[in-house]
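In the numbering used here, the protein residues as written are 34 to 160.
We put the CB at the ideal spot given by N, CA and C, even for glycine.
Given below as structure tokens:
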């Protein structure tokens with residue numbers, strides 16, 4: 034097993050809260066968010082809410098491109114677009130952020146505003 038594969042498996046096996054913290058650190062450090070795309074961005078539904086799944090790295094997103102998302106591929110979003118366009122749009126559309134889902138675990142569901150606060154707090158550490 035390659036080291037990269039081992040890292041992906043180890044991080045994927047963390048709790049959803051630990052993966053959320055990993056997501057915040059990675060996104061702040063590399064200034065990119067990953068989603069799944071195929072003529073539109075992947076979404077999920079839960080109890081009447083529309084969820085937008087987000088990942089910190091391409092490989093994690095790629096591993097979730099299965100079942101209903103099997104035709105989707107990872108696509109990156111710059112941190113500026115994410116903070117200034119995406120989160121505001123998700124708020125206006127009453128969507129929730131689904132942070133770092135993995136097969137068998139939906140990840141952390143959080144409002145766009147709360148995710149923005151967490152990211153901005155972490156980004157301040159990198160300035």
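Neighbour-count burial assignment, residue i, 16 or more Cβ in a 10 Å radius
i           : result
residue 173 : What the structure shows of the chain is the stretch from 34 to 160, and residue 173 is not part of that stretch, so it cannot be assessed.
residue 59  : buried
residue 140 : buried
residue 84  : buried
residue 146 : exposed
Straight-line gap, residue i to residue j (C-alpha atoms, nearest Å)
i           : j           : result
residue 51  : residue 39  : 17 Å
residue 43  : residue 116 : 28 Å
residue 75  : residue 102 : 7 Å
residue 127 : residue 37  : 36 Å
Beta-carbon spacing of residue i, residue j below 8 Å
i           : j           : result
residue 132 : residue 87  : yes
residue 159 : residue 71  : no
residue 82  : residue 129 : yes
residue 93  : residue 45  : yes
Cβ distance (whole Å) where residue i is taken to contact residue j below 8 Å
i           : j           : result
residue 120 : residue 149 : 5 Å
residue 112 : residue 41  : Their Cβ separation, rounded to whole angstroms, is 22 Å, which puts residue 112 and residue 41 out of contact at 8 Å.
residue 152 : residue 57  : 6 Å
(request) Kindly provide the ranges of any beta strand (DSSP E) runs that are 3 or more residues long and lie completely inside the segment 100-127, ordered along the chain. (result) 106-111
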